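>
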């Protein structure tokens, strides 16, 4: 395994979040009755003409700016010709020689560190319809609702060297397109799907090996597993004296294997040519400037800011910038709890809160504990009203039953006992009824100290101030 | 520039055209002549001339992102050879 270097490039189709299709005024809403959102243009009826959607172009510009790419002042729509019943015109309108977004890059983070993945291009195109092969007694059923839905196809250079890196890139890209609100990122509904190009070569070899393309992976786990089994397949093939054939393959998650869909010779002659129905797409600088002015702070910039200005570690900063909602929640929390250390805020957002959201399958905007409420709890933690352990219990109550921290603390008597007189009385009693343990401790068995702490926490229902408890206990046990 | 019979068969297959053996020589000749014409054009020096794919409008007009189409499925499907459950039916296709 170790003598082989893995080379991976990705092509991702992100469905753009427009209301209407890329070349027609039909709706793009998901889940409608078959063919109720397929108009004359989408059906490819004679005499119709495509008119590009300004919203789709604007989203392409947003993406290009977010990855530091060139926005082409002039780009060209081309016809990609192939025959399939869910493609009524017999060609897909795409972009070929002159795509709207050229170059750019993404930064990814893996266990191995930070890495830049170069982008080749991103181009606008229309989606095809859907074929249903079951239940039509020898026929296929065609639903053209999806035909003409705007896609941005985002293509990388072959810069990734492991399944880990490919998944990190896919996740970063998924986070970015949602961040800049050009795609809803819903992978179940097919709004974000990846084709992965995989090849292997001996370490040190300059030329790339022959690659295979694995099509239509719609989960991060499948991307990883598909790459792993495709790499194994290619290495085994070469080590057995065979050669990899350039082809398109499909990943079958049930059998955890890839299998050939079509070979390169078979079907790849798309006979691209500029679409005569569509003059060039022109984007002037003023439009680019306008779009740039409307972009939010981007994840990479936010990450740097969290690390540099707030002193957060790479791990916390990474989690807080995985989605815009996570960072927005964190910042709302900080605003509402100005006295609380940023690291404490980050710990709570990435710890208790993230775990609770995960369990409930909610995102940050739907959190049952709002940033204001969590801030209320963290203030009580910071001022010593409650201990860390009790704070976690209060958080659980806020999550399951609602309410704010102060009300819960009062209603349940959870205030930390910081009155040293009261605490000392409790401790004195414990010491008096445990002569054997006292003798052990005084005989040098330090470990017994834990026994007393446990007894004290039990007696106070966890409400003893831990620092104060330790200090008082040591004094008492010293005799 | 002359095309082989194999080239013609391949182009026909890509275009999903059924071409009989008797038609091949004639098509081979016609297509070769068309390519000859293209070769003449290709010989012209176009260094420094920007490619022009579209002789008409200089820039495509864009439309605002608004849904303007309503559901007219019944009208569209009235001319389809076969429909069922709102789907267009076609001879079975499997990759």
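Chains as they are written, first to last, in this note's numbering: chain A, 1 to 479; chain B, 1 to 95.
Every residue gets a Cβ at the ideal spot worked out from N, C-alpha and C, and that includes glycine.
Please read these numbers as outputs of a predicted model, since none were measured by experiment.
1) When DSSP builds the beta bridges, which residues end up paired with residue 137 (chain A)?
2) Do three or more CB pairs link the segment 226-236 of chain A to the segment 30-50 of chain A at distances below 8 angstroms?
3) Using a beta-carbon distance below 7 angstroms, is residue 152 (chain A) in contact with chain B?
4) Assign residue 189 (chain A) to one of three DSSP states: helix, strand, or coil.
5) If I follow the unbroken beta strand (DSSP E) through residue 212 (chain A), where does it start and stop?
6) Considering only the alpha carbon of each residue, which of A:169, A:303, A:352, A:130 lies closest to residue 328 (chain A)?
7) Work out the CA separation of residue 76 (chain A) and residue 1 (chain A) for me, nearest whole Å.
8) Just the Cα atoms here: how many angstroms apart are residue 81 (chain B) and residue 29 (chain A)?
9) Just by C-beta distance, which residues in the segment 125-151 of chain A are closer than 8 angstroms to chain B?
10) Would you tell me roughly how many angstroms separate the C-alpha atoms of residue 316 (chain A) and residue 77 (chain B), rounded to the nearest one?
11) Below 6 angstroms CB to CB, which residues in the same chain sit around residue 310 (chain A) once its five sequence neighbours on both sides are set aside?
12) Does residue 64 (chain B) get closer than 7 angstroms to chain A when you measure Cβ to Cβ?
13) Measure the beta-carbon distance from residue 281 (chain A) to residue 60 (chain B) and round it to whole angstroms, keeping in mind my assumption that it falls under 8 angstroms.
14) When the Cα of residue 176 (chain A) is compared with those of A:405, A:297, A:345, which residue comes out closest?
15) May I have the straight-line CA-CA distance separating residue 48 (chain A) from residue 17 (chain B), to the nearest angstrom?
16) Report the residue ranges of all beta strand (DSSP E) runs contained in full by the segment 99-123 of chain A; include only those spanning at least 3 residues, in chain order.
17) Are the C-beta of residue 59 (chain B) and some C-beta of chain A separated by less than 7 angstroms?
18) Less than 7 angstroms between the beta carbons of residue 124 (chain A) and residue 60 (chain A), yes or no?
19) What three-state label does DSSP hand residue 150 (chain A) in the structure shown?
20) Need the endpoints of the beta strand (DSSP E) that residue 130 (chain A) sits in, please.
21) Is residue 13 (chain A) helix, strand or coil when you go by DSSP?
22) Using Cβ-Cβ distances below 8 angstroms, what residues of the segment 64-95 of chain B are close to chain A?
23) What does the Cβ neighbour count give for residue 42 (chain A), buried or exposed, with the cut at 16 atoms within 10 Å?
24) DSSP three-state label for residue 78 (chain A), please.
25) Can you check whether the C-beta of residue 1 (chain A) is within less than 7 angstroms of a C-beta belonging to chain B?
26) Could you list which residues in chain B have their beta carbon closer than 7 angstroms to that of residue 33 (chain A), in chain order?
27) Rounded to the nearest angstrom, how far is the Cβ of residue 69 (chain B) from that of residue 140 (chain A), given a contact under 8 angstroms?
28) So who's on the other strand from residue 4 (chain A), going by DSSP bridges?
29) Tell me whether residue 49 (chain B) sits in a helix, a strand or coil according to DSSP, three-state version.
30) Any beta carbon from chain B within less than 7 angstroms of residue 281 (chain A)'s own beta carbon?
31) Kindly indicate which residue of A:314, A:63, A:257 has the alpha-carbon position closest to the one of residue 232 (chain A).
32) Whose Cβ in chain A lies nearer than 7 angstroms to the Cβ of residue 53 (chain B)?
33) Buried or exposed for residue 133 (chain A), going by 16 or more other Cβ atoms inside 10 Å?
34) May I ask which residues mark the beginning and end of the beta strand (DSSP E) holding residue 249 (chain A)?
35) What span of residues does the beta strand (DSSP E) with residue 180 (chain A) cover, start to end?
36) Interface residues of chain B around residue 27 (chain A) at Cβ under 8 angstroms?
Once the coordinates are examined:
1) Your numbering for residue 137 (chain A) matches position 137 in the first chain. None; residue 137 (chain A) has no bridge partner.
2) Of all C-beta pairs linking the segment 226-236 of chain A to the segment 30-50 of chain A, fewer than three are shorter than 8 angstroms, placing the two stretches out of contact.
3) The count along the first chain starts at 1 and reaches residue 152 (chain A) at position 152. No, residue 152 (chain A) lies away from the interface with chain B (no Cβ there is under 7 angstroms from its Cβ).
4) Within the first chain, residue 189 (chain A) is the residue found at index 189, counting from 1. Residue 189 (chain A): coil per DSSP, three-state reduction.
5) Counted from its first residue, the first chain places residue 212 (chain A) at position 212. From DSSP, the beta strand (DSSP E) with residue 212 (chain A) extends over 212-217.
6) Here the question's residue 328 (chain A) lines up with position 328 in the first chain. Comparing Cα positions, the closest option is A:303.
7) Here the question's residue 1 (chain A) lines up with position 1 in the first chain. Here the question's residue 76 (chain A) lines up with position 76 in the first chain. In this prediction, residue 1 (chain A) has a pLDDT of 49, which is less than 50 and means its spatial position is unreliable; nothing more can be read from the coordinates.
8) As a working mapping, residue 81 (chain B) is identified with position 81 in the second chain. As a working mapping, residue 29 (chain A) is identified with position 29 in the first chain. Spanning the two alpha carbons is a distance of roughly 27 angstroms.
9) Identification of residues in the segment 125-151 of chain A having a C-beta nearer than 8 angstroms to some C-beta of chain B yields 131, 132, 133, 136, 138, 139, 140, 141, 142, 143, 144, given in sequence order.
10) Here residue 316 (chain A) is taken as the residue at index 316 of the first chain, counted from 1. Here residue 77 (chain B) is taken as the residue at index 77 of the second chain, counted from 1. Near 55 angstroms, if we compare the C-alpha coordinates of residue 77 (chain B) and residue 316 (chain A).
11) What you label residue 310 (chain A) is simply residue 310 of the first chain in a count that begins at 1. Same-chain partners within the cutoff: 342.
12) For the purposes of this step, residue 64 (chain B) is taken as the residue at position 64 of the second chain. By this cut-off, residue 64 (chain B) is an interface position.
13) Here residue 281 (chain A) is taken as the residue at index 281 of the first chain, counted from 1. Here residue 60 (chain B) is taken as the residue at index 60 of the second chain, counted from 1. Sure, about 6 angstroms apart at Cβ, within 8 angstroms.
14) As a first step, residue 176 (chain A) is located in the first chain; it is residue number 176 there, counting from the start. Sorting A:405, A:297, A:345 by C-alpha distance to the C-alpha of residue 176 (chain A) places A:297 at the top.
15) By one-based count along the first chain, residue 48 (chain A) stands at place 48. By one-based count along the second chain, residue 17 (chain B) stands at place 17. Taken atom to atom, the span from the alpha-carbon of residue 48 (chain A) to that of residue 17 (chain B) is near 25 angstroms.
16) Look at the segment 99-123 of chain A and you find these whole runs of beta strand (DSSP E), each 3 residues long or longer: 105-110.
17) On the second chain, position 59 is the one that residue 59 (chain B) refers to. Yes, residue 59 (chain B) lies at the interface with chain A (some Cβ there is under 7 angstroms from its Cβ).
18) For the purposes of this step, residue 124 (chain A) is taken as the residue at position 124 of the first chain. For the purposes of this step, residue 60 (chain A) is taken as the residue at position 60 of the first chain. By the CB criterion at 7 angstroms, residue 124 (chain A) and residue 60 (chain A) fall inside the cutoff.
19) For the purposes of this step, residue 150 (chain A) is taken as the residue at position 150 of the first chain. Reduced to three states, the DSSP call for residue 150 (chain A) is strand.
20) As a first step, residue 130 (chain A) must be located in the first chain, where it is residue number 130. 130-132 is the span of the beta strand (DSSP E), which, as asked, contains residue 130 (chain A).
21) The residue given as residue 13 (chain A) occupies position 13 in the first chain. Three-state DSSP puts residue 13 (chain A) in a strand.
22) Here the close residues are 64, 65, 66, 67, 68, 69, 71, 72, 73, 76, 77, 82, 84, 85, 86, 87, 88, 89, 90, 91, 92, 93, 94, 95.
23) Along the first chain, one-based indexing puts residue 42 (chain A) at 42. Per the 10 Å Cβ criterion, buried.
24) Stepping through the first chain from its first residue, residue 78 (chain A) is reached at position 78. Shown here, residue 78 (chain A) sits in a strand according to DSSP, grouped into three states.
25) Taking the first chain and counting its residues from 1, the one referred to as residue 1 (chain A) is at position 1. At residue 1 (chain A), the pLDDT of 49 sits below 50, so the modelled position is not reliable and the matter cannot be decided from this model.
26) Stepping through the first chain from its first residue, residue 33 (chain A) is reached at position 33. Chain B residues near residue 33 (chain A): 86.
27) The count along the second chain starts at 1 and reaches residue 69 (chain B) at position 69. The count along the first chain starts at 1 and reaches residue 140 (chain A) at position 140. Incorrect: roughly 25 angstroms between the Cβ atoms, too far for contact.
28) Numbered from 1 along the first chain, position 4 holds the residue referred to as residue 4 (chain A). When DSSP reads this structure, residue 4 (chain A) sits in a beta bridge with A:202.
29) Counting from one through the second chain, the residue named residue 49 (chain B) turns up at place 49. Coil, per DSSP.
30) To locate residue 281 (chain A), count along the first chain from 1; it is residue 281. Under the Cβ distance rule, residue 281 (chain A) counts among the residues neighbouring chain B, one pair being separated by less than 7 angstroms.
31) Here the question's residue 232 (chain A) lines up with position 232 in the first chain. The residue with the shortest Cα to Cα distance from residue 232 (chain A) is A:257.
32) Within the second chain, numbered from 1, the residue matching residue 53 (chain B) stands at position 53. Below the 7 angstroms Cβ cutoff, chain A contributes 76, 274 as neighbours of residue 53 (chain B), in chain order.
33) Within the first chain, the letter at position 133 stands for residue 133 (chain A). Residue 133 (chain A) is exposed by the Cβ-count criterion.
34) Numbered from 1 along the first chain, position 249 holds the residue referred to as residue 249 (chain A). Per DSSP, residue 249 (chain A) belongs to the beta strand (DSSP E) from 247-252.
35) As a position in the first chain, residue 180 (chain A) is number 180, starting the count at 1. That residue, residue 180 (chain A), is in no beta strand (DSSP E); it is neither H nor E in DSSP.
36) Taking the first chain and counting its residues from 1, the one referred to as residue 27 (chain A) is at position 27. At a beta-carbon threshold of 8 angstroms, the residues of chain B lying near residue 27 (chain A) are 67, 69, ordered along the chain.
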